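*Asks:* Can you read through this structure? Questions will come right after.
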Amino acid sequence: MHRDPIFRFLCFLTFTAVSLPAFAETKSPIQERADRFLVLANAGYQAVFRVNSEAQWNAMTDVTPEHDAAVEATGKAYAAFNGNPAIINEARELLTHQKELNELTVRQLKQLLLNAAEGPMTNPELVGKRVAAETKQASMMNGFEFKLNGQKITANQIDDKLEKSTDLAERKAVWEASKEIGPVLKANLVTLRDLRNGVAKEMKYPDYFSLQTAAYGMTTDEMLKMLEDWMTTLRPLYLQLHTWAKYELAEKFHQPVPKKIPAHWIGNRWGQEWPGLVEAANIDKYFEGRKPEWIIKTAEQFYTGLGFSPLPQSFWEKSDLYPVPPDSKRKKNTHAYCNHIDLENDIRSLQSIQANSRWFFTAHHELGHGYYDKAYTRPEVPYLLRLGAAPGFHEGVGELISLASSQVPYLQSRGVLPHEFNADKTAFLLDDALARSLPFIYFSCGTMPHWEADVYARNLRPDQWNARWWKYVGDFQGIEPPSPHGEEFCDAATKTHINDTPAYYYNYAFATVFKFQLHDYIAHKILHQPPQSCNYADNKEVGTWLNNIMEKGGTQDWRKILKEATGEDISTRAMMEYFKPLMSWLEEQNKGRQIGWE
Ligand SMILES: [Zn+2]
Numbered sequence: 001m002h003r004d005p006i007f008r009f010l011c012f013l014t015f016t017a018v019s020l021p022a023f024a025e026t027k028s029p030i031q032e033r034a035d036r037f038l039v040l041a042n043a044g045y046q047a048v049f050r051v052n053s054e055a056q057w058n059a060m061t062d063v064t065p066e067h068d069a070a071v072e073a074t075g076k077a078y079a080a081f082n083g084n085p086a087i088i089n090e091a092r093e094l095l096t097h098q099k100e101l102n103e104l105t106v107r108q109l110k111q112l113l114l115n116a117a118e119g120p121m122t123n124p125e126l127v128g129k130r131v132a133a134e135t136k137q138a139s140m141m142n143g144f145e146f147k148l149n150g151q152k153i154t155a156n157q158i159d160d161k162l163e164k165s166t167d168l169a170e171r172k173a174v175w176e177a178s179k180e181i182g183p184v185l186k187a188n189l190v191t192l193r194d195l196r197n198g199v200a201k202e203m204k205y206p207d208y209f210s211l212q213t214a215a216y217g218m219t220t221d222e223m224l225k226m227l228e229d230w231m232t233t234l235r236p237l238y239l240q241l242h243t244w245a246k247y248e249l250a251e252k253f254h255q256p257v258p259k260k261i262p263a264h265w266i267g268n269r270w271g272q273e274w275p276g277l278v279e280a281a282n283i284d285k286y287f288e289g290r291k292p293e294w295i296i297k298t299a300e301q302f303y304t305g306l307g308f309s310p311l312p313q314s315f316w317e318k319s320d321l322y323p324v325p326p327d328s329k330r331k332k333n334t335h336a337y338c339n340h341i342d343l344e345n346d347i348r349s350l351q352s353i354q355a356n357s358r359w360f361f362t363a364h365h366e367l368g369h370g371y372y373d374k375a376y377t378r379p380e381v382p383y384l385l386r387l388g389a390a391p392g393f394h395e396g397v398g399e400l401i402s403l404a405s406s407q408v409p410y411l412q413s414r415g416v417l418p419h420e421f422n423a424d425k426t427a428f429l430l431d432d433a434l435a436r437s438l439p440f441i442y443f444s445c446g447t448m449p450h451w452e453a454d455v456y457a458r459n460l461r462p463d464q465w466n467a468r469w470w471k472y473v474g475d476f477q478g479i480e481p482p483s484p485h486g487e488e489f490c491d492a493a494t495k496t497h498i499n500d501t502p503a504y505y506y507n508y509a510f511a512t513v514f515k516f517q518l519h520d521y522i523a524h525k526i527l528h529q530p531p532q533s534c535n536y537a538d539n540k541e542v543g544t545w546l547n548n549i550m551e552k553g554g555t556q557d558w559r560k561i562l563k564e565a566t567g568e569d570i571s572t573r574a575m576m577e578y579f580k581p582l583m584s585w586l587e588e589q590n591k592g593r594q595i596g597w598e
């Protein structure tokens, strides 16, 4: 489930005073100077991180002007610390002696500069404007009330209707209602584009998109190239799936078969996932009558079964896990997320758990973030490096567990599915491809990063934003709007991440590709079970192997960690193999049909 914004402002940065390596041999003067500097930097970092996370948490769980004001104040304090010119200058100066410093030191110094780039106080006026504009955008977004035929409708209700309604007129009205938030957010998003690019330039990056890809040690073009390679290798499978899906949908809605799929036919506001097309894989009925508390406890049990310790008591006391009743005055953000509030043991999750399969998988996913946080919370990992080895690693681990939690043998072992349950393997694989994997690749490698690269790196004029958005939706995803959507709309801005987690979405693509690599290794090398149908439950060896990746945090290069764990570089090989049994089935189904939308 790709539903949790990982706030740049919070998550990108991370450190511990006690964690400096104690070398027996004499340290060089430059290493000693760096050590002293990093003790202070880590301590200060953790302090502002915590205060800011707490304020963010309050604003997410209870949207009020007071909480938004608190986020603005702590955001400024946070930026003031991270972007302190003294810190920037000292980190830069020390990095000119990189060869005389140990790797852990170099990584912390580089992380300090990445953190500083979010709000470099070498230009305090710019940073102040940015914090204010970010806060305004979040508040408008969190407080927006969707309306259908004049009646208030929640985002969850919109999603439910798009997943279930068979009435095309109603689907169109709901889909259009979901797009009304875009124009409200556009003006401030234009302002934010310039302010975000401004802070990137202040740190000598060409633009905000490049600043983000620097977390992978890559340029904008290198990142887009990697994403395009992934799309190219998966395209034959995607075209088969797209063809199969549009014939299914046309039949379901009694419509002629179109070239591109009309957006309101799909069970997701952005066509990023195509759920609900495979009835035989729908297991929601097995969750009926389950308590939401059972869902989150079962998710925790997944991890304890692998040998991880239980979540801290404070998780249960401080998290906000269930929906707010419809008549409640409190408004909370409806996106699931998990946050490491103090970079120590205060880990909390925001969810709205209901008794269905989607929330079952989401709960497993979110706790993946929590357990990742727990794994690198140890003295050897400084606060500044308490983060994923690359930004997509965190998501990837969450996604891996979400995948593991959806497999039939696991669901049987937890009593969700009966032991005599006879899975239609093609149906489950097809649903996996449609609802979680393939269309998602074309949204997350195609539409989102290409549009954002145009906006940030190529300064796309605001009067072309919506046309460009739909060009990419058409070219990459093979989807079109139900009626013309001109520049009076801003459909990109209806996607949360465009507003609050900019130039970040390819991390979810990375996570998807990465999760299949990890899963492939676990299935073949540890469990010796087919990747399409395996069960991690209670396997301590899986837990040890995963912990070995997670406990490193950001202390080593992500390529090295991936290669050591799996023996491979990042690629779609495992993902293609996972879906291989589906390809021949689809080709058979699509015989005589025109493949694709050209
Ligand atoms: Zn996540």
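The opening position of the sequence shown corresponds to residue 1 in this note's numbering, with each subsequent residue numbered one higher.
Ideal Cβ placement from N, Cα and C applies to all residues, glycine included.
Model, not experiment: these values are computed from the prediction.
Of the residues Y286, E170, K186, which one's Cα is nearest the Cα of A133?
*Replies:* Residue numbering aside, residue 133 sits at position 133 when the sequence shown is read from its first letter. If we check each option's Cα against that of A133, K186 comes out closest.
*Asks:* Grab the span of the beta strand (DSSP E) containing Y505 for me, first residue to last.
*Replies:* Position 505 of the sequence shown, counted from the first residue, corresponds to residue 505. Per DSSP, Y505 belongs to no beta strand (DSSP E) and is neither H nor E.
*Asks:* Where does L417 sit, in a helix, a strand or coil, going by DSSP?
*Replies:* On the sequence shown, position 417 is the one that residue 417 refers to. Residue state, collapsed to three classes: coil.
*Asks:* Taking just the CA atoms, how far does A250 sit from E551?
*Replies:* Numbered from 1 along the sequence shown, position 551 holds the residue referred to as residue 551. Numbered from 1 along the sequence shown, position 250 holds the residue referred to as residue 250. For E551 and A250, the distance between alpha carbons rounds to 48 Å.
*Asks:* Taking 7 Å as the limit between beta carbons, can you name the residues of its chain near V257, skipping five residues before and five after?
*Replies:* Counting from one through the sequence shown, the residue named residue 257 turns up at place 257. For V257, where only same-chain residues beyond five positions count, the Cβ hits under 7 Å are K246, Y247, A250.
*Asks:* Any chance the segment 51-58 sits against the segment 339-348, with 3 or more Cβ pairs inside 8 Å?
*Replies:* Contact holds: three or more Cβ-Cβ distances are below 8 Å.
*Asks:* When we look at the beta-carbon of Q98 and count the other beta-carbons within 10 Å, is it buried (16 or more) or exposed?
*Replies:* Within the sequence shown, numbered from 1, the residue matching residue 98 stands at position 98. Classification of Q98: exposed, given that the 10 Å Cβ count is below 16.
*Asks:* Tell me, please, whether the segment 466-479 touches the segment 525-541 by the rule of three or more beta-carbon pairs shorter than 8 Å.
*Replies:* As far as the Cβ criterion goes, the segment 466-479 does not touch the segment 525-541, which means the pair count is below three.
*Asks:* Distance, Cα to Cα, T606 vs D557?
*Replies:* For residue 606 there is no data in the structure shown, the boundaries of the chain being 1 and 598.
*Asks:* Pick helix, strand or coil for H524, following the three-state DSSP scheme.
*Replies:* As a working note, residue 524 is residue 524 in the sequence shown. In the structure shown, H524 sits in a helix (DSSP, three-state: H, G or I).
*Asks:* Would you report the Cα separation of L224 and F516, rounded to the nearest angstrom?
*Replies:* Taking the first residue of the sequence shown as position 1, residue 224 is located at position 224. Taking the first residue of the sequence shown as position 1, residue 516 is located at position 516. Spanning the two alpha carbons is a distance of roughly 20 Å.
*Asks:* In this structure, what does DSSP give as the bridge partners for N339?
*Replies:* The sequence position of residue 339 within the sequence shown is 339, counting from 1. Per DSSP, R348.
*Asks:* Write down the C-beta distance between Y508 and E395 rounded to the nearest angstrom, noting that I regard them as a contact closer than 8 Å.
*Replies:* Residue mapping note: residue 508 aligns to position 508 of the sequence shown, counting from 1. Residue mapping note: residue 395 aligns to position 395 of the sequence shown, counting from 1. Yes, Y508 and E395 are in contact; Cβ-Cβ is about 6 Å, under 8 Å.
*Asks:* Exposed or buried, G150, counting other C-beta atoms within 10 Å across all chains shown (16 or more means buried)?
*Replies:* Residue mapping note: residue 150 aligns to position 150 of the sequence shown, counting from 1. G150 is exposed by the Cβ-count criterion.
*Asks:* Look at the alpha carbon of L518 and the alpha carbon of L384, and state the distance between them as a whole number of angstroms.
*Replies:* Residue mapping note: residue 518 aligns to position 518 of the sequence shown, counting from 1. Residue mapping note: residue 384 aligns to position 384 of the sequence shown, counting from 1. Rounded to the nearest angstrom, the two C-alpha atoms are 26 Å apart.
*Asks:* Compute every distance between the C-beta of E395 and the non-hydrogen atoms of ligand 1, then say whether any falls below 6 Å.
*Replies:* Along the sequence shown, one-based indexing puts residue 395 at 395. Indeed, a heavy atom of ligand 1 lies less than 6 Å from the Cβ.
*Asks:* So, are the CB atoms of R330 and D62 less than 7 Å apart?
*Replies:* In the sequence shown, counting from the first residue as 1, residue 330 sits at position 330. In the sequence shown, counting from the first residue as 1, residue 62 sits at position 62. In contact: R330 and D62 (Cβ atoms closer than 7 Å).
*Asks:* Would you grab the beta carbon distance between G554 and Q111 for me? Rounded to a whole angstrom, and I think it's under 8 Å.
*Replies:* Position 554 of the sequence shown, counting from 1, holds the residue named residue 554. Position 111 of the sequence shown, counting from 1, holds the residue named residue 111. Right, the Cβ-Cβ distance comes to about 7 Å (below 8 Å), so this counts as a contact.
*Asks:* I'd like to confirm something about G388: is its beta-carbon nearer than 6 Å to some heavy atom of ligand 1, or not?
*Replies:* For the purposes of this step, residue 388 is identified with residue 388 of the sequence shown, where counting begins at 1. No, ligand 1 has no heavy atom inside 6 Å of this Cβ.
*Asks:* Output needed for N356: all residues of its chain with C-beta closer than 8 Å, excluding positions within five of it in sequence on either side, in chain order.
*Replies:* To locate residue 356, count along the sequence shown from 1; it is residue 356. Excluding positions up to five away in sequence, the list reads D284, F287.
*Asks:* Compute the Euclidean distance between the alpha carbons of N268 and P275, then round it to the nearest angstrom.
*Replies:* Numbered from 1 along the sequence shown, position 268 holds the residue referred to as residue 268. Numbered from 1 along the sequence shown, position 275 holds the residue referred to as residue 275. If I take the Cα positions, the gap works out to 7 Å.
*Asks:* Any heavy atom of ligand 1 closer than 6 Å to the beta-carbon of G44?
*Replies:* As a first step, residue 44 must be located in the sequence shown, where it is residue number 44. Flag unset: Cβ of G44 not near ligand 1.
*Asks:* In this structure, does DSSP put F49 in helix, strand or coil?
*Replies:* Locating residue 49 in the sequence shown gives position 49, where the first residue counts as 1. Correct three-state label for F49: helix.
*Asks:* Which word fits L40, buried or exposed, when buried means at least 16 other C-beta atoms lie within 10 angstroms of its C-beta?
*Replies:* Here residue 40 corresponds to residue number 40 of the sequence shown, with the count starting at 1. The residue is exposed, with fewer than 16 neighbouring Cβ atoms inside 10 Å.
*Asks:* According to the neighbour-count rule (16 or more other Cβ atoms, all chains shown, within 10 Å of its Cβ), is H242 buried or exposed?
*Replies:* As a position in the sequence shown, residue 242 is number 242, starting the count at 1. Result: buried.
*Asks:* Out of G398, L350, W545, which one is the CA nearest neighbour of Y371?
*Replies:* Taking the sequence shown and counting its residues from 1, one reaches residue 371 at position 371. Nearest of G398, L350, W545 to Y371, Cα basis: G398.
*Asks:* I need the straight-line Cα distance from G143 to V131, nearest angstrom please.
*Replies:* The residue you call residue 143 lines up with position 143 of the sequence shown. The residue you call residue 131 lines up with position 131 of the sequence shown. Approximately 18 Å between the Cα atoms of the pair.
*Asks:* Would you mind reading off the limits of the alpha helix (DSSP H) that contains K259?
*Replies:* Position 259 of the sequence shown holds residue 259. Where K259 is concerned, there is no enclosing alpha helix (DSSP H), given that its DSSP letter is neither H nor E.
*Asks:* In three-state DSSP terms, what is L460?
*Replies:* For the purposes of this step, residue 460 is taken as the residue at position 460 of the sequence shown. Coil at L460, not helix or strand.
*Asks:* Using the C-alpha atoms, what's the distance from P292 back to N548?
*Replies:* The residue labelled residue 548 in the question sits at position 548 within the sequence shown. The residue labelled residue 292 in the question sits at position 292 within the sequence shown. In a straight line, the C-alpha of N548 is about 31 Å away from that of P292.
*Asks:* Taking S405 and H364 to be in contact with their CB atoms under 8 Å, please state how far apart those CB atoms are, rounded to whole angstroms.
*Replies:* Numbered from 1 along the sequence shown, position 405 holds the residue referred to as residue 405. Numbered from 1 along the sequence shown, position 364 holds the residue referred to as residue 364. About 4 Å; that satisfies the 8 Å criterion.
*Asks:* Residues in its own chain within less than 6 Å of Q272 by CB, not counting five upstream and five downstream?
*Replies:* Working through the sequence shown from its first residue, we reach residue 272 at position 272. If we look at Q272 and ignore the five residues flanking it on each side, its Cβ neighbours are F440, F443.
*Asks:* Quick check on the burial criterion: 16 or more other C-beta atoms within 10 angstroms. Buried or exposed for F315?
*Replies:* Mapped onto the sequence shown, residue 315 falls at position 315. Buried, because 16 or more other Cβ atoms sit within 10 Å of the Cβ of F315.
*Asks:* Use the C-beta contact count for T14: other C-beta atoms within 10 angstroms, 16 or more gives buried, fewer gives exposed.
*Replies:* Counting from one through the sequence shown, the residue named residue 14 turns up at place 14. In this prediction, T14 scores a pLDDT of 34, lower than 50, which makes its location untrustworthy; the coordinate-derived value is nonetheless stated afterwards. Looking at its Cβ environment, which holds 16 or more other Cβ atoms inside 10 Å, T14 is buried.
*Asks:* Would you mind giving the Cβ-Cβ distance between I87 and A116, rounded to the nearest angstrom? I have them listed as a contact below 8 Å.
*Replies:* Within the sequence shown, residue 87 is the residue found at index 87, counting from 1. Within the sequence shown, residue 116 is the residue found at index 116, counting from 1. Yes, they are in contact, since the Cβ atoms of I87 and A116 sit about 6 Å apart, within 8 Å.
*Asks:* Return the first residue and the last residue of the beta strand (DSSP E) that L634 is part of.
*Replies:* Because the chain is modelled from 1 through 598, residue 634 falls outside the range shown and cannot be assessed.
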